[in-house]
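Protein chains in written order, with our numbering: chain B, 87 to 342; chain U, 87 to 342; chain S, 87 to 342; chain V, 87 to 342; chain C, 87 to 342; chain D, 87 to 342.
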């Protein structure tokens, strides 16, 4: 199986050489966990170190704010854009479609228009720069539209299928909505070929960050939760450290 | 990235110099946690110490009661109003719109009228005093209107977009509805650039207050839960103290 | 800020001199926690010791049973009624309105009729005795009518606004529905100026009662959970005692 | 306040002399906790020892089975019936009403017909034997009909009002649906004048039964959870024993 | 009260002589807990040792598979069938009724047809072999049809009434859906005369099986959770062993 | 009872010789637990070592990706396909049926068309290669279509019935959606003859994998949770190791 280095050394070690190429990998985390930072770091590394043009598709965040925030890690996204090594696409207008849309003679509902439009936007932009790496951040905007589970699964599978057919290596971010290891697992986690979880929780006496490879098909990998930090260089992962586990601190009054 | 000092020393230290300017930051806490106090302190400091006119938009609380309560911290809001350094706007009439409203030839539903009206009210008042800081307290009144998740996300994103376009630094308060660290995360937390949580919980043997920067894009920050107090001066934060963690006290009868 | 003594010494100490006058304060507790006893004690003290006529509005409880039960604390409510120092109003007929009601040319729905009627009943009776203190027991009957969150918040805010406009100091009781500190917080707790919680829970090895001031705007107050008892004199609070925390007793078989 | 002895010595001690007369008291417990046994014991004692004719209204259980089961405690219900000291009424046919029913010119819905019928059945039978004690077992059949909270509260309050107007001392049983102290509290618990809970749970290393007086208006009472047993004589309560608290047994592997 | 031996020695000991005759007893457990084994053992014992013909009504499981599986315990069900001592009825076709069915002039809805049909099937087969013991496995197929709580309770009560009227001793199995002692109690548990729970859970350091008599009207019984095993002879219960309690194993890092 | 070896030595030991032949066995696990690996290993072993042609039916995963991923374990699925020892069927087009479909004169709804089509696809392909082992991966796509519990149970039972009638030994995978032992049990677990759970959880201080035979009718089996690993050879199970239990790590501050 071919591999694609993320550029985050500790993570590439946990993966024994990088992500499986040409797959859809989910990056799942809460607010402030570093999903966007990790994804951008992955694209930046591809564009700057591997000669792999990269595409960043933003569904929620404002693109100018994104460039400003990532600059603090020393990543000059605007410069890469000018050089054609990176494309940043604002897909949020899709958010504003209300009601049905007519395409030719066909009336398409808002939801399916979003999906079709998004796939078109991605294909077009990926082709333009001959992208090898793609980030979709986040997919939540897409999945929340479907209240029917069956429709949602189908939409997710179709979407991942379209991405995979581009031959690119894809990171798709999604929101981890409960701050606990004992959680409900989301549909997307069953439908991708890999899942990376970014946990932020209490261990011993303080809040720590832990990265976990919950699933990575076709690749032998470390499945413990390892510590990671957000530093001036982006995400740093420490796979040689002891595994992290969530600890509930309790004061116990012993009756002996 | 530019920074805006909150005037709460401990918090500015945790932020390494203040909030990121021209962003929307969420302040999330339960009843009695100090959301309104923190927000008012931020505006008061801006108006009095930084020469930055400030706008306070109240959606639920009665304005006269607010001025009376904040006076106990030595903040004379009425005086700042007269000097044009502070504007306090009562946006609660938006609450009473029932049914649809006609604007020109267009019929707008109650919900969207609330959103449009609120944005208009904010823009107009911000312009009048040339505001540099804005507080919206709370945003809950707005978000609860949307039962459809997709509509709610869109409304929140549009609202934050409108605020950010004003160039002001904005604190938006919201209600933390469960008294536990293991909670459901709200949409707004994923959609702003920063989130400050005000926890009130049991640690060891008493109730304590802990402030946590869950997320702050573009800024290196302390992500532990640090103690804070509500004193005669408003909110005081103690970042050099040991991090707080929720402790469940248990009496254990040991069977040895 | 003006203060109004409750007459419960320990509680007045926790409040540093009494409740903030002319505000709506929520008293929240489970069955048997003492909500009605505390509220009646507050009114009785006002009527007998402070020369402040008081109004008790009952939405659920039978008035004769109430007088009988409060007599066990030595409070002769019937006598105070005769002297015009106390009015006890049975607002429960509002419960029986079914369907819409016509007022003049206007058709008003059952829910809004309840709200309007209740406010009218309160105003009229408060005026008659020139009330300075009011108790609404409980507000639940009102809030449960609104399944839509937005409508409920609006109804609650309107109701509290009407009460506050009377200039009286108001205690409003509500039901705490889960016997745990880790609970869902109710809308009303965010919308009043103060919240007092009456907990009944396990601490160490027995059931204890703890009173907590969760929120009290404009007043510096003790925010720990302090023990209280229901004695022959009504509610007694012990603020100098160690704070209470919920303890889960666990028998642990140690494997050393 | 007048009191009515239950005949269960330990419980009468916890109540300092018995239940408050002419009130509605809720008896709340899980399957097998002894609700029916306690209620029957209360009626039997009244009929045999206090010369107080008693009425047992059964909504779910088959009457013949009930008599057979209670015989094992030495209570000969059939004999008391013959002597006119006890009436046992099978109110379950009310269960089978489907759709609306016409009474005179009035069409009454199934639910309200149940309520009206039940009250009529109770009144008629109570009058016949001049009952002083009544048991309704269980009220669940009535409350489950109302999905709307407001309607349910109103129905419960109306029902308790009708019972109280008979001047009898009433025990109403209801189902405790979760086997945990941390539970959702039911509407009925807020709407009666007293609540007795029958817990069955793990304490230390075995399952125990604990009786708790959660609420008892107008009466000073023991509010701890005290052990009780179901013996050959019915329910026996042990108020002088240490309070019971729920214990979760945990095996802890200590890392020292 | 008459008793019926189950043939499972340990359980008959816990019951002090067997189940109460002519009653409906619920057997409640998760997948793999042994509900079907226990029920079959009960019937087999009745047919072979007590000269009591038995009826097994299967709603979900394939009958041939059942016979094959029970053979591993040495129970030759096919032989007993031939001898007319046991009847095994496949009631699953009831599952396939879709929509309404016409019986004579009457249109009956699918749900009620299921109930009526099932009762008819049971009566007819019980009569044929003069059954003294009946097993319904499981009742879930019946109860899940009713989303309205009131309808479900009524259906369950009617069903149990019909069974009881046959004079047989009946075991009815149902599914325990959460693997925890802290669970929601099901309607059926309140509506039968006895409930036996089959728990499978973690105690100390391994998974154990525990049988508990939650309720058994008219019979003095052991109410602790006792260990049981599934052996080559079927279910074996060990009432003399220490009670089992659910243990959560926790590794604790002590801070001394 | 006949048995079918899985080829996973440790699991065959736990089963005392293999799975019960000609039955439907559920394999239930979270993302990354190894459901697909275990199922493929079972088929591969059957095809290569037992001369039993095998059929793999994929409902979600892309078939080419599957072959690539399984190659890392040394299983050359493409080669087995060519030799007619293995058939891999992509059943996902069933996913795309929208609305009703006409078959002959009969209009069939999408859901039932899926079920009928799936069964046809399976029968046809099983017949072609004379399959002895079948894997359906996953069944979730089928079950999620039915929101009505009764319909879902019926669909599942019908599906399992159709599979069993083929005489093959069948593994059906399904998604374990909560990462906790204290979970809601799914319908399918009650309706198959065997259930194997693949847990991934925290034990002591790291994440471990544990395999549990929750249920296996007709076969005496080990019911503890035993450790398993995903190695270069596929799934390896260690039945001689100590049972695994979920451990919550807690730091306890002892107050002695």
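We put the CB at the ideal spot given by N, CA and C, even for glycine.
From residue i to residue j, what distance separates their C-alpha atoms?
i: residue 224(S); j: residue 116(S); result: 12 Å
i: residue 138(B); j: residue 262(D); result: 37 Å
i: residue 202(V); j: residue 277(U); result: 54 Å
i: residue 92(D); j: residue 154(C); result: 21 Å
i: residue 149(C); j: residue 200(V); result: 43 Å
i: residue 167(V); j: residue 136(V); result: 16 Å
i: residue 269(B); j: residue 272(U); result: 15 Å
i: residue 158(U); j: residue 164(U); result: 13 Å
i: residue 147(S); j: residue 294(U); result: 37 Å
i: residue 222(U); j: residue 327(V); result: 56 Å
i: residue 162(S); j: residue 207(U); result: 53 Å
i: residue 338(D); j: residue 236(U); result: The predicted position of residue 338(D) is uncertain, since its pLDDT is 41 and thus under 50; a value taken from the coordinates is nonetheless stated next. The straight-line gap from Cα to Cα measures roughly 43 Å.
i: residue 89(V); j: residue 226(V); result: 27 Å
Quick one: residues in its chain with C-beta nearer than 7 Å to the C-beta of residue i, no 5 flanking neighbours on either side, listed in chain order?
i: residue 341(B); result: Confidence at residue 341(B) is low in this model, with a pLDDT of 31, below 50, so the placement of that residue should be treated as unreliable; the coordinate-derived value is given next. Excluding residues within five positions, none has a Cβ falling inside 7 Å.
i: residue 212(C); result: 141, 220, 252, 254
i: residue 325(S); result: 96, 99, 100, 308, 312
i: residue 321(B); result: 94, 120, 123, 124, 127, 314
i: residue 133(U); result: 139, 140, 166, 171, 172
Using beta-carbon positions only, say whether residue i and residue j come within less than 8 Å of one another.
i: residue 317(S); j: residue 108(S); result: no
i: residue 301(S); j: residue 104(U); result: no
i: residue 292(S); j: residue 331(V); result: yes
i: residue 245(D); j: residue 257(D); result: no
i: residue 205(D); j: residue 248(D); result: yes
i: residue 177(V); j: residue 145(V); result: yes
i: residue 423(D); j: residue 210(B); result: In the structure displayed, chain D extends from 87 to 342; residue 423(D) sits before or after that span and is not available.
i: residue 214(B); j: residue 114(B); result: no
If you drop the 5 nearest sequence neighbours on each side, which residues of the same chain put their C-beta closer than 6 Å to that of residue i?
i: residue 310(V); result: 329
i: residue 285(U); result: 296
i: residue 131(V); result: 93
What residues are listed by DSSP as bridge partners for residue i?
i: residue 298(S); result: 283(S), 311(S)
i: residue 253(S); result: Answer is none; residue 253(S) lacks a bridge partner.
i: residue 106(U); result: 89(U)
i: residue 223(S); result: 144(S)
i: residue 112(C); result: 258(C), 281(C)
i: residue 202(V); result: Answer is none; residue 202(V) lacks a bridge partner.
i: residue 320(C); result: 317(C)
i: residue 288(S); result: 293(S)
Just to confirm my understanding: we take residue i, look at its own chain, exclude 5 residues before and 5 after, and list those with CB closer than 8 Å. What are they?
i: residue 87(V); result: 106, 107, 304, 305
i: residue 160(D); result: 318, 319
i: residue 111(D); result: 105, 255, 256, 257, 258, 278, 279, 280, 281, 282, 302
i: residue 243(B); result: 277
Next on the checklist: Please give the ranges of any alpha helix (DSSP H) in the stretch 132 to 181 of chain D, keeping only runs that are unbroken, at least 4 residues long and fully inside the region.
Outcome noted: 149 to 157, 163 to 168
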